[in-house]
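These notes are about the structure you will find just below.
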Amino acid sequence: MKTILHSMGMAALILTGFSVVGAGLVAVTYTSTKDIIAEAQQAALEASLNQLVPANRYNNRVAEDTIEVVAPEWLGTDQPVTIYRARQNGQPVALFATPYAPDGYSGPIQLLIGVYVDGTLAGVRVLAHKETPGLGDTIEEKRSPWILAFAGKSLGNPPLDRWKVKKDGGIFDQFTGATITPRAVVKATRKFLEYVQSHQEQLFAGDILK
Numbered sequence: 032m033k034t035i036l037h038s039m040g041m042a043a044l045i046l047t048g049f050s051v052v053g054a055g056l057v058a059v060t061y062t063s064t065k066d067i068i069a070e071a072q073q074a075a076l077e078a079s080l081n082q083l084v085p086a087n088r089y090n091n092r093v094a095e096d097t098i099e100v101v102a103p104e105w106l107g108t109d110q111p112v113t114i115y116r117a118r119q120n121g122q123p124v125a126l127f128a129t130p131y132a133p134d135g136y137s138g139p140i141q142l143l144i145g146v147y148v149d150g151t152l153a154g155v156r157v158l159a160h161k162e163t164p165g166l167g168d169t170i171e172e173k174r175s176p177w178i179l180a181f182a183g184k185s186l187g188n189p190p191l192d193r194w195k196v197k198k199d200g201g202i203f204d205q206f207t208g209a210t211i212t213p214r215a216v217v218k219a220t221r222k223f224l225e226y227v228q229s230h231q232e233q234l235f236a237g238d239i240l241k
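Add 31 to the 1-based position in the sequence shown for our numbering, that's all there is to it.
As structure tokens, this is what we get:
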């Protein structure tokens, strides 16, 4: 009996030792790689932003020049959204954000939108969605050039009442059998432009807005 109890005790100690060592290895791995992961994430973010605004148009570290805003009416989510600011020698150049089109066919569509300081769209890209393959996923740049049509547009170009898909009297193409998806993206982009227009000074100044 003592032998069995002794063996069980030894086994428990060994398992405990493995747990402690395992936890230590996880902690060491995290500590040694977190900076590398953070740098990789920042590089990926900057690469995405540079698809919209060329890197030679600004010279600040955009990933570090940010504020968090909560504006469900304009940004399509009640969660904080990060606003990234691009500046050249301290002067405002553009804003970037990742708002949502909440009324996609299969759920919210997360966008990346860049807007120059003059209110002109630098461009729009789709970051995440659950739209139907072969129909709604035409909003992706790799599937179609449709999303590229936003670059250069503004609240005055086209006029506000033409910020719709053609089926609704606007200028933006819809997809055969999938009108809801492009309609949601057009609407979300327009609403973000309206948000920037009405809050631009505070956004670049750095105030936290609601």
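C-beta atoms are modelled at their ideal positions from N, C-alpha and C, and glycine is treated no differently. Since the model is a prediction, treat every value here as computed from it, not as a measurement.
Tell me the residue span of the alpha helix (DSSP H) that contains residue i.
i      : result
PRO123 : PRO123 -> not in any alpha helix (DSSP H); beta strand (DSSP E) instead, spanning 122–128.
GLU225 : 211–236
Spatial neighbours of residue i within its chain, please: C-beta separation below 8 Å, excluding the five flanking residues on both sides.
i      : result
VAL227 : LEU126, VAL146, GLY150, LEU234
ARG88  : ALA117, GLN119, VAL124, ALA125
THR108 : PRO130, TYR131, PRO133, PRO139
Give the C-beta separation of residue i and residue j to the nearest angstrom, bearing in mind that I take them to be a contact with Cβ-Cβ under 8 Å.
i      : j      : result
VAL112 : ARG118 : About 20 Å; that fails the 8 Å criterion.
ALA132 : GLY167 : Rounded, the Cβ-Cβ distance is 11 Å, inconsistent with contact.
LYS218 : GLN205 : That pair is no contact at about 13 Å.
THR163 : SER137 : 7 Å
VAL93  : TYR115 : 5 Å
GLY215 : GLY135 : Correcting the residue identity first, residue 215 is Ala in this sequence and not Gly. Going by Cβ atoms, the distance from ALA215 to GLY135 rounds to 5 Å, so yes, they are a contact pair.
PHE203 : PRO213 : 6 Å
Within its chain, find whatever has a CB closer than 6 Å to the CB of residue i; leave out the 5 residues flanking it on each side and keep chain order.
i      : result
LEU83  : GLY145, ALA153, GLY154
ASN188 : none
TRP105 : LYS222, TYR226
Starting from residue i, follow its DSSP beta bridges and name the residues at the other end.
i      : result
ILE144 : ALA128, VAL155
VAL100 : VAL112
VAL196 : PHE203
GLN119 : GLN122
ASN90  : DSSP lists no partner for ASN90.
ASN188 : SER185
Which same chain residues, not among the five before or five after residue i, have their C-beta less than 7 Å away from its C-beta?
i      : result
VAL157 : ILE140, LEU142, ILE170, GLU171, ILE178
ALA182 : LEU152, ALA153, GLY154
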